[in-house]
Every structure is written in structure tokens, then in C-alpha cells.
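Numbering (the numbering used here), first residue to last: 1 to 149. Structure, as C-alpha cells:
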């Protein structure tokens, strides 16, 4: 798995999940990856089907929406300077302190499912989650992702 450098934000300072989603969604929009309305669609989907995962040592979120909002399949990434709260995946009322966000912009349902499974597998290892929060540039992030997937 390799991410486009222009879709990677490291050490993002954000005060809410909405702010994180807007930053990543705007990157995807500016680069022509997604259609108008993508951000609103992700925000709405996040309310109905939250994507926070209570991984160790920090939580991870994998926000996404339907493929019909996507022109070109890509993934945007953010590591956060300070955690923000995301509701936990699976419908519990639990809130997760998230420091890593992978925003999926994938235009096929099967591609989305495959990528979700791949990412969830990646997050099972606390060492990998720790490394994701510590990357200092896009090349280091891509080397880490390529070595683990």
C-alpha cells in the first residue's frame, strides 16, 4: 500500500473529529479525487456508522463513505498531534481517543471492504500503531506501510 504524498498530513493540530475530516476531505477534493459533497457524506456516515477503533497504544479511525462520491480511489492519512474523540465502530457509546486517521476514498464496495480488512489487520499490532504516530515524513510512512501490508 502506498499513499500519495499530497494526501498525507503529519502532526495535524485539530480540536475535533469534524476538523480532521474536513482537512482530509478538502485535500481529496482539491486533488480531484472525490466529488462535491464528499465531506458532508463522510460526516453523515460517521454519525450513523462510527469508525473509531480502540487500538493500542492510540485509537485509529477509518472514515469513509459510498463509492459513488469518489472519482479516483485514493487514501488520505493524518497523524494527529493530540488525540481527538471519535465514536467507536460497532455502535457502542464508547468514545475513542484517536491519533491516526486513514480516510478512504474508494470507488468500489469490494475495494473498500478489502482495504478495511487490511487496515484493521495492520492495527492489531501496537508497535505498528506506535510507528504510525511517529513517522516524520511521507516517505517514511510509505516505507512502513509497504513493509507491513
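Each residue gets a CB set at the ideal place from its N, CA and C atoms; glycine is no exception.
Could you pull out every residue in the same chain whose Cβ sits closer than 6 Å to the Cβ of residue i, ignoring the five residues on either side in sequence?
i	result
residue 35	69
residue 138	5, 8
residue 103	24, 63, 76
If distances are taken between C-alpha atoms only, which option among the options comes closest to residue i?
i	options	result
residue 26	51, 60, 76, 80	76
residue 83	135, 144, 73, 97	97
residue 130	114, 109, 80	80
residue 89	23, 141, 28, 49	49
residue 86	51, 12, 28	51
residue 10	145, 113, 101, 126	101
residue 38	122, 107, 57, 55	107
residue 57	16, 124, 19	124
residue 78	149, 146, 148, 142	142
residue 13	95, 94, 99	99
residue 16	95, 31, 133	95
residue 127	55, 93, 117	55
residue 46	18, 149, 30, 133	18
residue 60	116, 136, 146	116
Report back the beta-carbon spacing between residue i and residue j to the nearest angstrom; my notes put them in contact at under 8 Å.
i	j	result
residue 119	residue 62	6 Å
residue 21	residue 43	6 Å
residue 72	residue 33	5 Å
residue 28	residue 74	7 Å
residue 132	residue 1	Not quite, the Cβ-Cβ distance comes to about 12 Å (not below 8 Å), so this is no contact.
Relative to the ligand NAP, is the shortest distance from any of its heavy atoms to the C-beta of residue i smaller than 7 Å?
i	result
residue 141	The ligand NAP is not part of this structure, which contains no ligands at all.
Tell me which same chain residues have a C-beta within less than 7 Å of the C-beta of residue i, skipping the five on either side of it?
i	result
residue 109	67
Below 8 Å CB to CB, which residues in the same chain sit around residue i once its five sequence neighbours on both sides are set aside?
i	result
residue 31	4, 6, 7, 74
Legend entry - 3-residue-minimum beta strand (DSSP E) runs that sit fully inside the segment 41 to 115, ordered along the chain: 59 to 61, 74 to 87, 95 to 105
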